[in-house]
Structure formats: structure tokens, C-alpha cells
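In our numbering, the protein residues as written are 40 to 326. The structure under discussion appears below in the form of C-alpha cells.
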């Protein structure tokens with residue numbers, strides 16, 4: 040049941056999607072003693088957070104979400120967690136009352152970034168401020184340096200440099216936030232399917248090395264936000280499952296942009312990397 044009284048000054052509203060991230064954000068806010076409310080997204084929010092949510096709405100019921108925000112008058116709104124991209128027809132039907140049809144068609148037919156920015160603009164047009172997880176819960180971000188016991192060697196460092204260059208070159212094309220690289224060879228680039236499935240493709244290619252059967256150099260998963268990406272709604276993230284899938288793909292480690300990548304369950308991620316013999320390292324944004 041939604042709370043009808045106005046939000047206290049400085050309060051946040053957490054719009055909770057799928058996965059562990061919304062729960063981790065809630066825990067971080069509690070540690071920081073920051074008051075907040077939760078709007079659960081039906082069919083996405085996990086059971087624990089959903090049980091204590093102040094309200095539950097459908098993903099495409101934008102009017103209901105905005106009505107709640109008007110009632111509470113929050114200072115800040117924090118979206119966190121995953122959702123499935125709706126069909127263009129569903130977006131048009133849900134937003135017809137909020138935007139003209141031509142603008143909606145452009146949004147529905149565009150990339151994920153355009154859709155996410157459009158959702159943010161609807162909230163901001165109502166006078167609310169939108170924060171990203173990196174702003175509301177900065178303790179969840181990857182730090183610069185190593186997470187766990189291992190560090191990249193010279194061969195892995197060369198792969199990291201290639202991966203960073205690849206992501207920088209491709210980022211304007213909404214192609215994703217990750218690549219699997221072996222030396223100067225790109226095994227896979229993340230597309231709409233996400234990092235885990237990209238790693239499965241890299242695993243298949245790794246079984247058939249390029250050239251005359253020569254072994255591949257050290258394969259590394261490199262992950263970073265796209266240039267100009269709105270980090271408030273689509274921040275790259277890794278966790279223990281990412282480490283396991285990287286190991287299955289033959290990776291020797293993960294390289295993440297420090298301050299631009301979330302680490303879900305940092306201690307568990309480090310422990311899994313140590314168990315599997317992989318490094319996890321955060322690099323600065325400068326080349």
C-alpha cells in the first residue's frame with residue numbers, strides 16, 4: 040500500500056526492477072541512514088523488496104508512477120534493476136497520453152538509450168530530480184585497482200588496452216558495454232543479448248583459434264559505459280555469475296572502468312574470482 044503523506048525533505052524514491060541491484064541499493068541507503076520509499080515494478084522486483092514496497096505498478100503504467108511521485112513529492116528518484124524492453128506497439132499505447140505520436144514512434148524505434156532517456160524526461164518534466172545508482176549508492180561502484188588476489192600480467196594488460204580501444208570506437212553505435220578480447224583479436228562484442236550471451240559466443244570462438252591453430256593470447260572481458268551514456272539508468276554491472284561465465288569462456292580476468300561499473304556483491308565476486316583463478320581489476324577512465 041502506498042504511503043500518502045509527503046516524503047521527508049531529502050528522501051528518495053527507489054524504482055526497483057529485477058535482480059539483486061535494487062536490494063543492494065536499499066541496503067546502501069539504509070547504511071547511509073537516508074530515508075527512501077520503494078516503487079516495485081510488477082513482474083520484475085524481487086520477492087523480498089516487493090514485500091516491503093510502498094507501491095507496485097506495471098512497467099508501462101507511466102500515469103500511475105507519475106501520480107505516486109506527485110503525491111509523495113520526492114526530492115530524488117533512483118531507478119535500479121533490469122527490465123525487459125517492451126515492444127514498440129506497447130510503448131505507443133502506454134505513452135500516447137503523455138507525448139505526441141511522432142515523438143513516441145521515434146522513441147519506440149530507437150535504441151535502448153533513447154528509450155531510457157525518454158522515460159527519465161517524463162519524470163523530470165514533473166519537477167523531480169533523477170539520480171543514478173552511482174550517485175545514490177557510490178559504494179557499489181568498482182574502485183580503481185584489484186578486487187581479489189590476482190592482477191593482470193603483461194599479456195592480459197595488452198588485451199585490456201585493445202578492449203578499451205574497441206569499446207571507445209563502438210560506443211556511439213549503441214552496441215553494448217563489453218567485449219571479449221585476446222591480444223589484438225576481438226572475439227565478441229556485446230549486443231542486445233547482454234554480457235552473458237556474448238561470453239557464450241566468445242567461448243565458442245575460443246575453441247577454434249584464429250590462424251593456423253595457434254593458441255589465443257590471454258582473453259579478457261573488458262566492460263565500460265558507452266560514451267555519452269546516461270549512467271542514471273544503464274550502468275554496466277558485473278557479479279559472481281559474470282565471473283563464472285567469463286571463466287567458462289576462457290577469460291583470464293575482467294577489466295572494468297572504475298567509477299563507471301557496478302560490482303554486485305563485491306565480496307562474493309572477489310571470492311569467486313579467486314576460486315576460479317581470475318583477476319578483476321578497475322582501471323581509470325584516462326587511457
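The beta carbon of each residue, even a glycine, is placed where N, CA and C say it ideally should be. Here the structure is a predicted model, which is why all the values come from computation and not from measurement.
For the 8 Å CB-CB criterion, residue 98 and residue 62 do not form a contact. If you compare the alpha carbons of 56, 108, 214 with that of residue 85, the shortest gap goes to 56.
The three-state reading of DSSP puts residue 274 in coil, since its state is none of H, G, I, E or B.
In the DSSP annotation of this structure, the continuous segment of the beta strand (DSSP E) that includes residue 227 starts and ends at 224-228. DSSP places residue 262 in the strand class (E or B) of the three-state scheme.
The closest CA to that of residue 174, considering only 303, 299, 218, is found on 299.
Here the alpha carbon of residue 65 sits roughly 18 Å from the alpha carbon of residue 111. Within its own chain, the residues whose Cβ lies closer than 7 Å to the Cβ of residue 73, once the five positions on either side in sequence are excluded, are 51, listed in chain order. With contacts defined by Cβ atoms closer than 8 Å, residue 264 and residue 229 do not form a contacting pair. With a minimum length of 4 residues, the unbroken runs of alpha helix (DSSP H) contained wholly in the segment 45-124 fall at 60-70, 86-90, 101-111.
The shortest C-alpha to C-alpha distance from residue 323 to any of 180, 75, 59 is the one to 180.
DSSP, reduced to helix, strand and coil, places residue 234 within a helical segment of the structure shown.
Between residue 224 and residue 316, the C-beta gap is not smaller than 8 Å, which leaves the two residues out of contact. When 121, 279, 100, 272 are compared, the shortest CA-CA separation from residue 83 is found for 121. For residue 300, no beta strand (DSSP E) segment is defined, and its DSSP state is neither H nor E.
Within the same chain, and ignoring the five residues on either side of residue 165 in sequence, the residues whose Cβ sits closer than 8 Å to its Cβ are 105, 108, 109. By alpha-carbon distance to residue 178, the top candidate from 204, 319, 68, 277 is 68.
For residue 217, the uninterrupted beta strand (DSSP E) run begins and ends at 217-221, by DSSP. Annotation for residue 241: 219, 226, 227, 288 place their beta carbon closer than 6 Å to its own, counting only its chain and skipping 5 residues before and after. Secondary-structure assignment with DSSP links residue 293 through a beta bridge to 260, 319.
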